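Just below is one structure, and these are the notes that go with it.
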Amino acid sequence: MCRSIKTLRPPMTPEVGEEDVHAAALQYVRKISGFRAPAAHNRAAFDEAVEAVAAATARLLDSLEVRGATSSHAAVP
31 MCRSIKTLRP PMTPEVGEED VHAAALQYVR KISGFRAPAA HNRAAFDEAV
81 EAVAAATARL LDSLEVRGAT SSHAAVP
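In structure tokens, the structure reads:
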């Protein structure tokens, strides 16, 4: 789908920060909406979608159990 979104789970990416989660969410929303930067009348919906995807991503990463890896990411809840 969107090749610029990188894998964020350990051990693929040992340290994941809020910026990584937000960047992946932004790329996803850009891809599915077709907007790199939305018009002013779509900005609130766009920003809300980015935050929702980032929150879902953080929950997913916090819930994953990866064998042989310790959880060291600092994803946002």
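When the letters of the sequence shown are read in order and numbered with this note's numbering, they come out as residues 31 to 107.
Glycine included, each C-beta is placed from N, C-alpha and C at the ideal position.
On a predicted model such as this, the values are computed, not experimentally measured, just so you know.
Classified as buried, Asp-50 has 16 or more neighbouring CB atoms from the shown chains inside 10 Å of its CB. Note on geometry: alpha-carbon atoms of Glu-48 and Ala-88 lie some 9 Å from one another. With a threshold of 16 other beta carbon atoms within 10 Å, Val-96 falls short and is exposed. Straight-line spacing of the CA atoms in Val-59 and Leu-94 works out to 23 Å. In this chain, Ile-35 is not harboured by any alpha helix (DSSP H), its DSSP state being neither H nor E.
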